[in-house]
Each structure stands twice: as C-alpha cells, then as structure tokens.
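S.K.: Quick note, the sequences are listed as chains Z and H, same order.
Here the first sequence stands for residues 1 to 332, where the numbers follow the numbering used here.
Here the second sequence stands for residues 333 to 579, where the numbers follow the numbering used here.
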Amino acid sequence: MSRFAKPVKIALSLIIIAGLIVIPMNFNRYGLFILSQWAVMTIAAIGLNLTLGYAGQVSLAQGAFVGIGAYASAIMTTHGWPLPAAIPVAIVLSFCVGWVLGYPALRVQHHYLAFVTLAFSTLAFLVFRNESWLTGGIYGISNIPRPHLFGIATNKPLPFYYVCLGSLAIVSLAVWWLIRSPWGRAFMALRENPLRAQSLGIDTRRYTLMAFAIGSALGGVAGALYAPLTQYIDPVPFNLSLSLDLLMMVIVGGAGFYFGPFLGAMIAVLLPEWLRFTEGYYLMLYAIAVMGLLIWSPTGILGILDRYLAERRTKAASALRAVAKSRLETAQ
Amino acid sequence: MSAVLEVTDIKKSFGGITAVDGVSFDVREGEILGLIGPNGCGKSTLFNCILGQLTPTGGEVKLDGKVVTGLRPSELNKLGVSRTFQLLQVFPKLSVRENLILAGQEHQGNMASRLVGRSDAGLTEVANQMIGFFKLDHLASEPAGGLSYGQQKLLDAAMAFMGGPRLVLLDEPAGGVNPSMLTDLKERLVAINREKNATFVVIEHNMEFVMSLCSRVMVMAEGKVLAMGRPDEVRKNPAVIEAYLGH
Chain Z
1 MSRFAKPVKI ALSLIIIAGL IVIPMNFNRY GLFILSQWAV MTIAAIGLNL TLGYAGQVSL
61 AQGAFVGIGA YASAIMTTHG WPLPAAIPVA IVLSFCVGWV LGYPALRVQH HYLAFVTLAF
121 STLAFLVFRN ESWLTGGIYG ISNIPRPHLF GIATNKPLPF YYVCLGSLAI VSLAVWWLIR
181 SPWGRAFMAL RENPLRAQSL GIDTRRYTLM AFAIGSALGG VAGALYAPLT QYIDPVPFNL
241 SLSLDLLMMV IVGGAGFYFG PFLGAMIAVL LPEWLRFTEG YYLMLYAIAV MGLLIWSPTG
301 ILGILDRYLA ERRTKAASAL RAVAKSRLET AQ
Chain H
333 MSAVLEVTDI KKSFGGITAV DGVSFDVREG EILGLIGPNG CGKSTLFNCI LGQLTPTGGE
393 VKLDGKVVTG LRPSELNKLG VSRTFQLLQV FPKLSVRENL ILAGQEHQGN MASRLVGRSD
453 AGLTEVANQM IGFFKLDHLA SEPAGGLSYG QQKLLDAAMA FMGGPRLVLL DEPAGGVNPS
513 MLTDLKERLV AINREKNATF VVIEHNMEFV MSLCSRVMVM AEGKVLAMGR PDEVRKNPAV
573 IEAYLGH
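1) Tell me, please, which residues DSSP counts as bridged to Pro475(H).
2) Using beta carbons (cut-off 8 Å, strictly below), is Met1(Z) in contact with chain H?
3) Quick check on Ala459(H) - is its C-beta less than 8 Å from some C-beta in chain Z?
4) Is the distance from the Cβ of Leu383(H) to the Cβ of Arg415(H) below 8 Å?
5) Against chain H, does Ala189(Z) count as a neighbour if the rule is that its beta carbon must be under 8 Å from one of theirs?
6) Suppose you measure from the CA of Glu279(Z) to the CA of Pro272(Z); what does that come to, to the nearest Å?
7) When we look at the beta-carbon of Ala189(Z) and count the other beta-carbons within 10 Å, is it buried (16 or more) or exposed?
8) Skipping 5 residues on each side, what residues in its chain have a beta carbon closer than 8 Å to that of Leu386(H)?
9) Can you say whether Tyr232(Z) is buried or exposed, counting buried as having 16 or more other CB atoms within 10 angstroms of its CB?
10) With a threshold of 7 Å on Cβ separation, who are the neighbours of Ser2(Z) within its own chain once the five nearest residues in sequence on each side are excluded?
11) Tell me whether Ala90(Z) is buried or exposed, calling it buried when 16 or more other Cβ atoms sit within 10 Å of its Cβ.
12) If you draw a straight line from the C-alpha of Phe128(Z) to the C-alpha of Gly220(Z), how long is it?
13) Check each residue of the stretch 172 to 184 of chain Z: if its Cβ is closer than 8 Å to any Cβ of chain H, include it; give the result in chain order.
14) Closer than 8 Å is the cut-off here; do at least three beta carbon pairs connect the stretch 348 to 356 of chain H with the stretch 551 to 562 of chain H?
15) Could you check how far apart the C-beta atoms of Ser216(Z) and Gly67(Z) are, in whole angstroms? I think they sit under 8 Å.
16) Report all residues from its chain with a CB closer than 6 Å to the CB of Asn155(Z); omit the five preceding and five following residues, and keep chain order.
17) Compile a chain-ordered list of the residues in the stretch 491 to 511 of chain H whose CB is closer than 9 Å to at least one CB of chain Z.
18) Hey, is Arg276(Z)'s beta-carbon within less than 8 Å of any beta-carbon in chain H?
19) Taking only runs of the beta strand (DSSP E) that begin and end inside the stretch 523 to 552 of chain H, which ones reach a length of at least 3 residues, in chain order?
20) Give the residues of chain H in contact with Ile202(Z), contact being defined as C-beta atoms less than 7 Å apart.
21) Ala316(Z) to Ile304(Z), Cα distance in whole Å?
22) For Asp341(H), report the span of its beta strand (DSSP E) as first-last.
23) Quick check: the stretch 68 to 87 of chain Z against the stretch 122 to 142 of chain Z, are there 3 or more CB pairs under 8 Å?
24) Which residue wins for smallest C-alpha separation from Ala86(Z), given the options Ala64(Z), Asp306(Z), Leu225(Z) and Ala5(Z)?
25) What did DSSP end up calling His79(Z) once you bin it into helix, strand or coil?
26) To the nearest angstrom, how far is it from the Cα of Leu419(H) to the Cα of Asn193(Z)?
27) Enumerated in chain order, which unbroken segments of the alpha helix (DSSP H) with a length of 4 residues or greater are wholly contained in the stretch 239 to 280 of chain Z?
28) Can you tell me which residues form a DSSP beta bridge with Leu306(Z)?
29) Please classify Val8(Z): does DSSP put it in a helix, a strand, or coil?
30) Could you check which residue in Gly56(Z), Gln57(Z) and Pro84(Z) has the C-alpha nearest to that of Ser167(Z)?
31) Report yes if the CB atom of Leu395(H) is closer than 8 Å to the CB atom of Met550(H), and no otherwise.
32) So Phe357(H) is in the beta strand (DSSP E); what residue range does that whole segment cover?
33) Does chain Z have any CB closer than 8 Å to the CB of Phe417(H)?
34) Can you list the residues of chain H that Ser297(Z) reaches, using a CB-CB cut of under 8 Å?
35) Where do the ends of the alpha helix (DSSP H) carrying Asp503(H) lie?
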C-alpha cells in the first residue's frame with residue numbers, strides 16, 4: 001500500500017467514510033440491519049486478526065467472546081444499566097477470560113492450540129445454554145433496549161447503525177495505533193520468530209497473553225453491540241460456527257493485513273445477501289467462491305494486492321539498479 | 333579484570349546423550365573469547381544453556397557474580413546479555429531499520445510507555461547510527477529479506493548490539509560471509525568491543541577469523557573443555573591438533 005501517494009490514500013479513506021455515513025440514509029430497515037451487522041462483525045474480526053493475523057496465535061473461540069460480551073450487555077441493559085456502562089464491563093470480562101485462555105498458548109501452538117480454544121468455545125456455549133438463572137437458557141434474553149446517547153434515542157435502525165459505525169471507527173483507530181506501536185512490532189516478532197524475539201528481550205509470554213486478551217476484548221465489544229442490535233439473544237448464534245465464520249472473515253480478507261477484517265466481514269455478511277437472488281443455491285455459490293479465492297490466493301484478498309504491489313516494487317528496484325549500473329559503466 | 337560471566341560445571345543431556353559434560357570457564361570483562369571445536373561438540377548447546385533457551389541438567393551460570401541459571405532468554409537480554417544464532421534470524425518482512433528498532437525497543441521504557449509512546453520507541457536515531465556503523469546506509473529502508481546473505485549476517489550482528497549489551501554471544505558470525513565482508517565484520521566487532529567495552533564470546537569455525545579476533549580461545553571436544561588459552565598457545569596444543577585442527 002505504501003506505493004500509493006499519501007493524499008490519494010487519505011482522499012480514498014474519506015470518500016469511503018462519507019459513503020458509509022451518507023448512503024445508508026436511504027436504506028430500508030433490513031439493509032441497515034445488515035450493514036450494522038457488518039460493522040459489529042468487523043469489530044470481532046479485527047480482534048481475531050490481532051490475535052491470529054498479527055500475533056500468530058490460532059483461536060477458534062472468538063465467537064464465544066462475542067457471546068460473553070453480548071450476555072454481559074444484555075443482562076446489564078435489561079436490568080436498567082445504560083449501554084455505555086455495559087460496554088466497559090463486557091470489555092473487562094472478555095479481556096480477563098481471554099487472558100486466561102492465553103495460558104494454553106504458552107505451551108501449545110497451531111493445531112493443538114486450535115483444539116484448546118475449540119474446547120473453550122464449546123464450554124462457553126454450554127454455560128450460555130445451561131446456566132439459565134443468569135442467561136435465560138434456551139429461551140434467551142429478549143427486549144434488550146437500545147441506548148439513549150447524548151440525549152438521542154437510538155432505537156430506530158439508522159441511529160443505531162451510527163452507534164455501530166462510530167464504535168467501529170473508535171476500535172479501528174485504537175487498533176491502528178496498537179499495531180504501529182512497539183507492541184505491534186512485538187506481536188509480529190512473536191508470529192515470525194518467537195525464539196529470536198525472546199533473545200531480543202521481548203517477553204513472549206506477556207505479549208502472547210496480551211494478544212489473546214486484547215483480541216478477546218474486541219470480541220466482547222462486538223458482542224456488547226450485537227445484543228442491542230438484535231434486541232434478542234439466545235445461545236445459538238454464539239456456537240462454534242460463529243467462531244469459524246469469524247476465522248473465515250480474517251483469512252478471506254487477509255490475515256495480518258489491517259484492512260483484512262473489513263473486507264472479510266463484508267464478504268461474509270453481504271455476499272450471502274447479494275447471492276439471495278439465486279434462491280436455494282446461494283450458500284453453495286458462496287462456498288465455491290470462498291474455496292476458489294483461497295486456492296487462488298491463500299493469503300486472502302489483500303494478499304493478492306500485496307503480491308501485485310511487491311512485484312511492482314521489485315520491477316522498479318531492478319530498473320533503478322539497471323540505470324545505476326549503466327551509469328557506472330559509462331563513468332568507467 | 334573481573335569476570336562478567338562465570339560458568340560452573342554446566343551439564344546438559346538429551347536422553348542418553350550428554351551434549352555438554354561439566355563445562356566450567358569464565359569470561360573476563362572486555363575480552364573476546366573464541367569458542368571452537370568440531371561439529372557436535374556441544375558449543376551451541378552450551379550457548380543455549382547459558383542463555384536460558386535450554387535448562388541445563390546441572391551446573392550454574394553467574395552474570396556479574398549473580399546466579400542467573402534458569403532465567404528466561406528475555407530476562408537475560410534485559411540484564412544485558414545478547415546473542416546471534418548460527419542460522420540467520422532477521423525478520424525478513426521488516427525493513428533494516430525496523431529490525432533494529434525491534435531489537436532495541438524492549439530496552440526502552442516499560443510496557444505502558446511502549447503502548448502509548450512513540451511508534452519507534454525513540455530509536456530511529458540510534459538505529460540510523462547502527463546502520464551507518466555497519467555500513468548498511470543504502471539499505472536502511474529495504475526489507476531485510478531482500479538483502480544478500482552477508483548483509484543479513486551484518487544486520488543480524490547489529491541487532492544484537494541495539495540493547496547496548498555488556499555481553500554478546502555470537503554463534504558463527506562469519507559462516508557463509510565472503511572474505512571482503514568478513515574483514516568489515518571483524519573491524520566492526522573490534523570497534524564495538526573497544527568503544528562500548530562490550531565483552532564477546534564467539535563460536536566460529538573460521539580459524540583465521542578466530543585467531544586474529546580473539547584474546548583467548550576455548551576448545552571443546554565431546555562436551556568437555558579440551559584447552560583454554562591464548563590463540564598461539566591453543567594452536568600448538570597437541571590435544572587440540574589431534575581433536576580438531578588436524579595435522
């Protein structure tokens with residue numbers, strides 16, 4: 001991306017942001033719901049991208065953290081607490097649980113770690129379903145209110161879409177800051193070469209736990225918004241398939257690329273909607289599209305762009321070298 | 333001269349194989365100690381035991397008189413012990429400058445200040461100096477993976493110095509480096525040794541490099557110390573000739 005001139009990048013970002021604000025004004029209820037869902041799932045996928053894409057720790061439990069956040073926010077807001085109070089609770093709760101889930105990652109990696117997190121995912125689902133004194137069990141929690149923010153009621157779809165979009169903006173900025181800070185560099189070192197990282201003084205234990213905790217906390221944020229978005233939650237949406245969906249969003253968009261989760265969530269949330277005209281075939285077509293993409297580019301959509309830009313850079317560099325060489329030769 | 337590193341009776345076995353069998357030595361402040369021996373004699377295992385990558389089966393490691401056996405590699409690095417690996421260990425996707433900043437960042441501030449503070453942890457200037465010192469100026473913004481092998485070896489060594497270490501353990505710094513770059517590397521190591529008063533332990537197979545760089549040389553064979561002394565003494569030692577140097 002660094003080949004684009006900075007003003008072009010800024011202009012492009014501003015156009016996209018303006019588009020996300022202005023265009024949905026004409027959307028119907030359903031369109032706004034889908035777009036809000038995209039914003040919420042993007043937040044969860046950004047969290048997983050941090051754990052998996054940047055720090056290299058496989059997790060099949062992101063959906064469980066969305067569940068933890070959703071239940072925290074649903075329980076609190078149905079008991080009269082405002083959403084702005086419930087979100088920090090969801091963050092702290094999923095941060096702490098994520099920190100604890102990070103401990104197995106200090107001992108096992110890759111597939112084994114995937115299995116540990118998968119077991120956690122199942123455990124969380126069972127808690128949501130069976131602890132009905134707290135979670136309402138299979139009947140779930142209904143009539144989850146949408147918040148009043150700065151004196152504005154957000155129970156209509158459009159204002160609540162702006163709540164989701166605004167939250168996405170805050171999360172995006174915070175994560176952008178995080179990955180360009182020394183922490184981001186340490187996460188990347190953890191992924192690329194933990195042995196060398198340790199020998200350079202990087203406390204890989206602490207950074208591994210942090211990667212899990214922060215990624216999980218963002219799952220919690222997504223959940224805390226998901227509950228008032230759907231206004232009704234039960235355990236089913238937070239089972240393993242949500243974790244797998246989120247994993248797919250990260251991989252399809254491009255793991256370890258900042259904009260990967262935005263694209264991945266767009267494909268996972270919007271593509272099935274666009275393919276609805278094919279009626280019974282849309283899930284099949286969707287599956288084939290995803291398989292095709294991953295065969296073509298295992299590093300996801302942004303991987304294609306990255307390869308293209310890298311090729312251009314190499315060509316430009318060898319052209320420069322050729323010029324320098326011919327100059328040297330004429331000078332001799 | 334006082335000892336920076338004291339190693340007492342270090343042992344390491346893997347199952348039935350004893351890779352390091354009771355090695356004791358000390359490294360004096362400011363010296364460059366060479367460590368030579370045939371392949372498989374336990375040199376790298378000894379390094380890994382000293383640096384906390386492996387837990388020794390027995391024995392003790394002291395840094396400045398304090399026992400540091402069993403500390404984690406990152407903790408030892410914070411105490412001023414740094415290393416390079418036998419095989420290249422740079423971060424290929426990061427630029428040369430970013431590699432150096434990464435190598436130094438954990439020595440700046442604390443976890444909180446590294447999160448909210450500057451993206452480069454205030455190290456761009458230091459990294460640029462290091463780049464100049466190792467003559468990598470024209471490559472500063474290139475991804476490290478695009479450098480030649482010799483240049484990556486230089487970067488690898490430079491990374492070990494970013495935290496301002498007191499003691500650096502270099503595992504085959506000259507392996508696969510061409511002769512002209514080798515002279516550069518030696519010059520740089522000697523300069524850092526003098527200017528920064530850093531102490532080195534160097535594993536190396538290139539005899540000429542070791543003999544001209546080191547003030548003392550330790551020879552290992554089959555997990556034990558065979559000889560220790562000035563390069564010219566070691567070169568003449570019959571046991572060393574028998575085990576390693578050949579006739």
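From the three backbone atoms N, C-alpha and C, an ideal C-beta is built for every residue, glycine too.
In this text, all values refer to a predicted model and were calculated from it rather than measured experimentally.
M.R.: According to the data block:
1) Bridge partners of Pro475(H): Ser427(H).
2) The predicted position of Met1(Z) is uncertain, since its pLDDT is 44 and thus under 50; a value taken from the coordinates is nonetheless stated next. By the rule that beta-carbons nearer than 8 Å mark a contact, Met1(Z) does not touch chain H.
3) No, its Cβ sits nowhere closer than 8 Å to a Cβ of chain Z.
4) In this structure, Arg415(H) lies closer than 8 Å to Leu383(H) by Cβ.
5) Yes, Ala189(Z) lies at the interface with chain H (some Cβ there is under 8 Å from its Cβ).
6) Going by the C-alpha atoms only, they are around 10 Å apart.
7) Around the beta carbon of Ala189(Z), a 10 Å sphere encloses 16 or more other beta carbons of the protein chains shown; the residue is thus reported as buried.
8) So the list reads Lys344, Thr377 and Asn380, once near-sequence residues are dropped.
9) Its Cβ having fewer than 16 others within 10 Å, Tyr232(Z) is exposed.
10) Annotation note: pLDDT 49 at Ser2(Z) (below 50); position unreliable, coordinate value reported separately. Same-chain partners within the cutoff: there are none.
11) Flag for Ala90(Z) reads buried.
12) If you take the alpha carbons of Phe128(Z) and Gly220(Z), they lie about 15 Å apart.
13) Answer in chain order: Leu178, Arg180, Ser181, Pro182 and Trp183.
14) Verdict: yes, contact present.
15) Their Cβ separation, rounded to whole angstroms, is 11 Å, which puts Ser216(Z) and Gly67(Z) out of contact at 8 Å.
16) Around Asn155(Z): Arg146.
17) If the cut-off is 9 Å between Cβ atoms, the stretch 491 to 511 of chain H has Met491, Ala492, Met494 and Gly495 near chain Z.
18) Taking Cβ atoms only, chain H never reaches closer than 8 Å to Arg276(Z), which makes this a no.
19) Runs found: 531 to 535.
20) Within 7 Å Cβ-Cβ: Ser406 and Glu438.
21) Straight through space, the alpha carbons of Ile304(Z) and Ala316(Z) are spaced by roughly 19 Å.
22) Looking at the DSSP string, the run of the beta strand (DSSP E) that includes Asp341(H) is Ala335 to Phe346.
23) Result yes; three or more Cβ-Cβ pairs closer than 8 Å.
24) When each option's Cα is compared against that of Ala86(Z), the closest is Leu225(Z).
25) Coil.
26) Distance between the alpha carbons of Leu419(H) and Asn193(Z) is about 12 Å.
27) Correct list: 240 to 253 and 260 to 274.
28) As written in the sequence, residue 306(Z) is Asp, which differs from the Leu given in the question. None, per the DSSP bridge assignment.
29) Helix, per DSSP.
30) Comparing Cα positions, the closest option is Pro84(Z).
31) No, the Cβ-Cβ distance between Leu395(H) and Met550(H) is not below 8 Å.
32) Segment Ile349 to Arg360, the beta strand (DSSP E) holding Phe357(H).
33) At a cut-off of 8 Å, the C-beta of Phe417(H) has a neighbouring C-beta in chain Z.
34) In chain order: nothing, as chain H lies at least about 17 Å away.
35) From DSSP, Asp503(H) is part of no alpha helix (DSSP H) but of the beta strand (DSSP E) over Leu499 to Asp503.
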